[in-house]
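*Asks:* Let me begin by handing over the structure; questions about it come next.
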Amino acid sequence: MGTGIGRVFCIGGAAVDRKYRALDAIRPGTSNPVLSERSFGGVARNVAENMARLGVTVSLASILGKDENGRALLDDLERLGIGTQFMALSDEHATAEYVAVLQPDGELALGLANMAIFDGFTPALLRNLDTHLQTGWVFADCNLPAETLHALVDIARQHSLTLAIDAVSTPKVARLPRDLTGVGLLFLNLDEARAYLGEPEMSLEEAAPRLRACGAQHVVLTLGEAGLVVADGTGVRQIGAIGAEIVDATGAGDALIAATLAALLKGHSLTEAARLGTAAAALTVESTASVRPDLSFALLETTLSLRAGPTFEREPS
Ligand SMILES: Nc1ncnc2c1ncn2[C@@H]1O[C@H](COP(=O)(O)OP(=O)(O)OP(=O)(O)O)[C@@H](O)[C@H]1O
Ligand SMILES: [Mg+2]
């Protein structure tokens, strides 16, 4: 890990994920026996870990509480070889935490998210990153506050930075500026695209070019088990997902982003890169882990050659 195919600076969410799986059907208002496990999540953190495993040199800028969760997350980043020089500590908030309470069959009974700490990732923290934001590749997620995302897009417009952004969720995509000029690559699902465009019924054929018309240079619009659509100056292409046995869908979108970015750094075209992304996503839904510890380009290439379907041209642009 570490000395390979290029460098990406990741900025955004880092959280502790706790999963509690009930042994019997959950009864509210009383104590329920569970099996519990802790892992690390957050979109930017997951993308950073996946890319580090694919040989990209990665740094993560996020914000942690001064608590046991924050220390454990930081130790884990160091173990993974991810640069932690720009990790900030909050005086006010606890490390972000996501708690999932699952029924015995794995269905989500209750999810709890404490993400207040990210409001503290102000534009002032971006200034610390300084020369790292003048050239090269940056990935950011919409866990960042709107003013910080706006500042980052402004910086990308002024410098020769390739900025990739993930929408994260339908409420958080609204934090992006209306003018997406400066966004090199936008990753989002169809619901997030419709929310951003304010068009709840819009088809995917229309949505991707509309996002390009807003100024995003390349768009990767994901469609769950139906795969994704990529749009750039040469047109719109649909790429099918790789059929997968779902074990735990957590982290599919993050793996897709990481593998796509890593493949672009290696010199692949957007279409080829996104195809490798679908392989990473399929491998991730087939694993209980939200980031596969065995991820490698060799595994992605093999998965594609054995399991991929065709790519379709949607329309000339
Ligand atoms: N059931 C599945 N089988 C195979 N591949 C899948 C499945 N679900 C998702 N994927 C792959 O993962 C990619 C991203 O998934 P999706 O569109 O669900 O993203 P998302 O809604 O942003 O999810 P996330 O919560 O992971 O961010 C898809 O383009 C597809 O390639
Ligand atoms: Mg997503």
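Per this note's numbering, residue 273 is the first one in the sequence shown, and the count goes up by one each step. For each residue, glycine too, the CB sits at the ideal point set by N, CA and C. Since this is a predicted model, take the numbers as computed values, not measurements.
(1) Residues bridged to F411 by DSSP?
(2) Candidates L555, R299, H431, A516: which alpha carbon is nearest V373's?
(3) Report the option in L469, A503, P472 whose CA atom is closest to the CA atom of A480.
(4) Between G217 and ligand 2, is there a pair consisting of the residue's CB and a ligand heavy atom that are separated by less than 7 Å?
(5) State yes or no: is the C-beta of E471 nearer than 7 Å to some heavy atom of ligand 1?
(6) For V519, which residues of its own chain have a beta-carbon under 8 Å away from its beta-carbon, when the five flanking residues on both sides are left out?
(7) Which whole-angstrom value describes the C-beta separation of G342 and A316, a residue pair presumed to lie in contact below a C-beta threshold of 8 Å?
(8) When DSSP builds the beta bridges, which residues end up paired with T367?
(9) Is the beta carbon of N461 within less than 7 Å of some heavy atom of ligand 2?
(10) Quick one: complete beta strand (DSSP E) runs, 3+ long, within the region 305-366?
(11) With respect to the beta strand (DSSP E) encompassing A381, which residues constitute its N-terminal and C-terminal limits?
(12) Within its chain, find whatever has a CB closer than 6 Å to the CB of G549; leave out the 5 residues flanking it on each side and keep chain order.
(13) Examine ligand 1 and report whether any of its heavy atoms sits within less than 7 Å of the Cβ of E364.
(14) Secondary structure at R509, three-state DSSP: helix, strand or coil?
(15) Inspect the CB distances between the region 492-502 and the region 540-554 and report whether three or more fall short of 8 Å.
*Replies:* In short, the structure shows the following:
(1) Your numbering for residue 411 matches position 139 in the sequence shown. Bridge partners of F411: C282, A436.
(2) To locate residue 373, count along the sequence shown from 1; it is residue 101. Measuring from the Cα of V373, the nearest candidate turns out to be R299.
(3) Residue 480 sits at position 208 when you count from the first residue of the sequence shown. Of L469, A503, P472, the residue nearest in Cα terms is A503.
(4) The chain is shown only over 273 to 589; residue 217 falls outside these bounds and no answer can be derived.
(5) In the sequence shown, counting from the first residue as 1, residue 471 sits at position 199. False, no ligand heavy atom lies under 7 Å from that Cβ.
(6) For this step, residue 519 is matched to residue 247 along the sequence shown. Excluding positions up to five away in sequence, the list reads V557, E558, S559, T560.
(7) One-based indexing of the sequence shown puts residue 342 at position 70. One-based indexing of the sequence shown puts residue 316 at position 44. With a Cβ gap of about 15 Å, G342 and A316 do not count as contacting.
(8) On the sequence shown, position 95 is the one that residue 367 refers to. Partner(s): none; T367 has no beta bridge.
(9) Within the sequence shown, the letter at position 189 stands for residue 461. Under cutoff, so the answer is yes.
(10) 306-313, 329-333, 335-337, 360-362
(11) Counted from its first residue, the sequence shown places residue 381 at position 109. Note, A381: beta strand (DSSP E), 380-386.
(12) Working through the sequence shown from its first residue, we reach residue 549 at position 277. Closer than 6 Å at the Cβ level, and outside the excluded window around G549, lie L528, A531, T532.
(13) Reading the sequence shown from its first residue, position 92 is the one you call residue 364. Checking every heavy atom of ligand 1 against the Cβ of E364, none is found closer than 7 Å.
(14) Your numbering for residue 509 matches position 237 in the sequence shown. If DSSP states are grouped into helix, strand and coil, R509 belongs with the strands.
(15) yes
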